[in-house]
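Structure record follows, encoded as structure tokens.
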């Protein structure tokens, strides 16, 4: 008990005080202060979540107003929220250590004190959002999450694109996500009072759905759409490809790895307790939207030539995987007695992929950040040849690329395998979703072949840089995440250990999943020999290499006596899959239609806000004022003075 | 749905004979099949053709040479990884013996491992920066994406039909035989032809266009390994098709019950398998001799049309046909 | 098919030319001495006004003779069956002439080679870059000048500087090299393609990497009658055409009457060469498209033709049959019977095979609409041969400037106007059939005359133009006889010289996968264009490289 309190206090204190303290600092001070404290805080959050998951208990924390003995803010750290806290803290740990080296490029250019403030608070607020149980707390921290992340996206005030991206993100979320969510929550509060918690919210929605299906589904749809906008599900996704690339790379890792997962937590929480018919329907809706997302997101990623934009589109795609598996897990129990076991598999697949995505996507963003740190460029048409200068970054990027592609023995393969196993042999449209997921896995592989080889292979086309490896903190984070990729792939036990308690918490039947160190076994179905395969490949490759070691020299290209500008022979990023994109343009046409639908909506929200406020700071200020006023109003209502 | 655990125990006990017969022998056969194909193609072109062992002679000659380009590490490692993975893939599918490394979802693993050789060689080739090699690699992975879509839909058809992703369960016998299964097998027949890099789909390695494209930068022993890996991939694909048509387990059990010698069933099945391999090689070679090479966009258009057919197959399976 | 104006010349042409200078009739050509300043105007009149066709440009160092440089431009005027050679004399102190390339874009290469080899500057040339000589060849040293001995070895320091690139293009697009070693090409040349994905945006060409210096050798140490044999080795499969062309040029210069039988023998051997060259090309085109079965089939049909050539001349190619004034080998009676039988079989099999090939959708779809060259572009670049005839230009030296026995034989010239690779394929196919018919006519009408006319006198400094229709197009040789049974200036212009620049037009907008077939569709003969000496830099020794070795892609080095 004392341990828990200690860890909680460390986390909260180390994320708030240094953030506030570094406001006056411009450069180095802010950097080291915030990143050290954030690292320690993330570590403690990590340990806390692991402990919760081991014991499988829930921790409830109340923040009381002393005089009135009223529980104003309630937090509950359940195994599910502990899992999400685990994900957040894993990425935050890597991101913070990485940031210590990365933000050095902002010395003298930007005011790091503000970065530090928002960075610390962002991590804290994310953890608090998933832990919040009281709806008021939820609202406050949800808003704060948007606020801090939006500031971080537009951190580089000098770049017009960054400022615009942040503004667009802000508008889209404010008018969309927040509006919808706030309205639903307000409804719940109106019914139950200010101390309403999530249980009350869920009971409210279930009641509404059973009594008045139309209105109930509408309310649920509003809530879901709000969550989906934040999670960047197609067609609500078009803020993400602008916002994530513009943030500093370690923050992009946090955004892609953690922030878009937070809505999924609430999705799981909301959709699981639904009555069976509606659970089935919503499961299908969610699975369909997930499939559309993964197809559209990844196919759009194929044509990108900006390294971080490519990664952002892949985030959209991979979240599609997570959501599709989630939908499958909701649907499967009702499809027949032989598929009940697959339901837990799909659920595990969903959360496993969530964890995996957090790990490899943040690693990818960190490698992209390393390239930016050394070359200042994100353009895949111009970069190249960095592999021999930045071997650590290249190696970790290769591991991350293979992981996201789903190649054994890395972690992506395990979660994707679980997804296929749970969907593809079922006699429902879920099988088509599974097949499409397999296809998109191939598309992901090719896209990352492009990413990896344009950054680290061939020769740089225009950006001719002779450089060196990134500083130690950045290397360390990359290696840390890469090790996790390999570990989670070879030892699925590690992940299952964290996921299964959440399933038990949600009341699922985990009988069918058997845990052993190297394999994921589904009772009655067989065995998955990942590590076996990995060992085989390693051993035979090594022996073959030794046995057939070939000698030979290095030749350069030659043209009858003339020197060749060999850097021009390197293929630019846009030339890779041009023909594939042309032949399969129907998908892009469809995606364009969806995108324009989403764009119209975001343009509308931009227009609304443009009229209200002309500058970004004013918008921030306005939100801050609104939040403060709202809190004040709530307090006053509580104190019955109003 | 049988429990695979006892089978795995058996496998571990007899792993050496299993690998020797099921993996090593087909791997040794692969260049022979290529030799047969070259011979058949030559006869169709009114030439005498090289001896059937010619591919073996070529491989041995390559293995004895040193590589000319010492390239980046990934480039040099790729042939070894490709080769070992392609050998590994052979162990996942029944070849001579009816046994294979079988576990839940091994179909998926099989598809992934089948893809690894070409993907890893593509990565290595683009990494060198050679323009012809990178164009060849981009063609290879673009084609592969299209193949995967069709393949995934066909496998889904079979899996839906049998409600299992265990390769053992997807293979014949098929009581009852649905039209969707036949359609899926037909599509897979087309895929095994095309993915083996046969004209008109020999696009990544197009010699007159790209001077060898994806394998251009390799020389010596590494080139030998790359070629060998692609040959083993070919035999794996042919084996997949044969396994989808040949009802092994039924045949073995029938023969075992009818004849007193216990092993005769397996021997007959193995012999049938090898003869079907030869027949398939001859057929493929005859078909290949009739075609020129397609351009990448033309090949992708053909595959786009196959996607529609595969989609029809999946829908048919979903509806129970 | 006899044109009524074949031996009549053309009054209008002579009148036009007389306006610019004195006109002299030299065999089948008009030599008009013009002033250098009038050259663009004359070129304009001949090409666009009169509807003639520019052939090539030649520069010659006449300083030992009359102290000037001479610049020749050769035009073909088919309606008058005459060639027009404009000769401009340039003072050695200022060897400059206005460029005719702005008027006729096809003169680009000809003038650049003159500049490299003889040192005449062309004012107004849009692309005054080196063509034949490497970039780091020292300035002011021009190999075809008479003060540059043929066996002089230049020590060139350092390596050639970077190949020029079109910078804006290079920054945006990827550069894909086709060559100098490429399985699609049988000789070394370098096509630099700027591609976007797989679509070619722009193409550049750098060739002449195996330039052999044949002209210099012939001018320096060969006698008049030794040159036909080195001419034959300019190319492997159009060697006989080159030697015929040279002999015709000398015969035209020295007014030698070639006996009838020799003319018929030349015709027969020329057409046999055309048959096997076209069949080879059709096979190679199918090979480049990946259709190896068709490749093998066409070469199987071609094999009897090679054996026939061996029967008739003793060699499968490089017949060695020509001398100035006639031929060395005769065609016996038993040869005639055999040849007719073989050719009949070739015709049947070729027709059967081509009809089958044209039914294969995949093969035809790779040729149809690919590599389009419009009629206007073809005219401007001055392409020749099947490439021109496939784009709608009705030109053929055999009909327009009848030589050998063509004036007495009946044949059709196939012309198409689609301008794509398929059109070129079909034009060559039809030409094969026509060639078979020509050989049959010639074999059945062989006149009984002697084979060689050795009764001639070598008059120095006489100019002559020889022109033949090689399998690849119009082959033009300019010969100026020299002192003492030698050649003073010899310029063999192979047809591919005019056709290769067309590929750069055809490659724009094409798919990368189609680049080899587009390059192959003009039936390029780069060894004709380059003419190759190999110098082993390590040992310092040098030797000639035969076509066969180039085809094999290497030498035992």
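Chains as they are written, first to last, in our numbering: chain A, 1 to 642; chain B, 1 to 321; chain C, 1 to 557. All residues carry an ideal CB built from backbone N, CA and C; glycine is no exception. Because the structure is a prediction, the values reported are computed rather than measured.
Helix, strand or coil: how does DSSP classify residue i here?
i	result
residue 469/A	coil
residue 1/B	Because the pLDDT at residue 1/B is just 29, under 50, the model does not fix this residue reliably, and the point stays unresolved.
residue 249/B	helix
residue 122/C	strand
residue 349/C	helix
residue 326/C	strand
residue 161/B	helix
residue 407/A	coil
residue 99/B	coil
residue 493/C	strand
residue 198/C	coil
residue 408/C	helix
residue 526/A	Its pLDDT being 45, under 50, residue 526/A is placed unreliably in this model, and the value from its coordinates should be taken loosely. Looking at residue 526/A - three-state DSSP - the assignment turns out to be strand.
residue 64/B	coil
residue 433/A	helix
residue 203/C	strand
residue 532/C	Bear in mind that a pLDDT of 36 at residue 532/C, under 50, signals an unreliable position, so the number given afterwards is only what the model happens to contain. Residue state, collapsed to three classes: coil.
residue 571/C	Lying before the first or after the last residue shown, residue 571/C is absent from chain C, which here runs from 1 to 557.
residue 30/C	strand
residue 174/C	strand
residue 463/C	strand
residue 477/C	strand
residue 59/C	strand
Closest to residue i by C-alpha separation, out of the options, would be which residue?
i	options	result
residue 45/C	104/C, 265/C, 335/C, 450/C	104/C
residue 353/C	296/C, 338/C, 128/C, 312/C	296/C
residue 501/C	276/C, 26/C, 190/C	190/C
residue 324/A	196/A, 227/A, 353/A, 363/A	353/A
residue 487/A	266/A, 399/A, 438/A	399/A
residue 450/C	372/C, 328/C, 336/C	328/C
residue 192/C	524/C, 476/C, 507/C	507/C
residue 268/A	210/A, 238/A, 306/A, 202/A	202/A
Assuming residue i and residue j make a contact with CB atoms under 8 Å, what is their CB distance in whole Å?
i	j	result
residue 344/A	residue 503/A	6 Å
residue 222/B	residue 213/B	Residue 222/B to residue 213/B, Cβ: 16 Å. No contact.
residue 55/C	residue 76/C	5 Å
residue 234/A	residue 297/A	7 Å
residue 118/C	residue 86/C	Not a contact, Cβ separation roughly 16 Å.
residue 484/C	residue 250/C	Contact doesn't hold; Cβ gap of about 15 Å is too wide.
Shorter than 7 Å from the beta carbon of residue i to some beta carbon of chain E?
i	result
residue 578/A	The question asks about chain E, but that chain is absent: this structure's protein chains are A, B and C.
(message) Three or more C-beta pairs under 8 Å: does that hold for the stretch 272-289 of chain A against the stretch 242-255 of chain A?
(response) no
(request) Spell out a yes or no on whether the stretch 382-399 of chain C and the stretch 414-428 of chain C are touching, meaning 3 or more CB-CB pairs, one atom from each, closer than 8 Å. (result) yes
(request) Could you tell me whether the stretch 426-439 of chain A touches the stretch 126-136 of chain B, where touching means 3 or more Cβ pairs closer than 8 Å? (result) no
(request) Would you mind listing the beta strand (DSSP E) stretches within the stretch 65-98 of chain C that are 3+ residues and don't spill past its ends, in chain order? (result) 68-77, 82-90, 96-98
(request) Report yes or no: do the stretch 388-406 of chain A and the stretch 127-143 of chain A share at least 3 C-beta pairs separated by less than 8 Å? (result) no
(message) Counting beta carbon pairs with one atom in the stretch 66-76 of chain C and one in the stretch 13-26 of chain C, are three or more of them shorter than 8 Å?
(response) no
(request) Please list the segments of the alpha helix (DSSP H) lying wholly inside the stretch 341-372 of chain A, counting only runs of 4 or more residues, in order along the chain. (result) none
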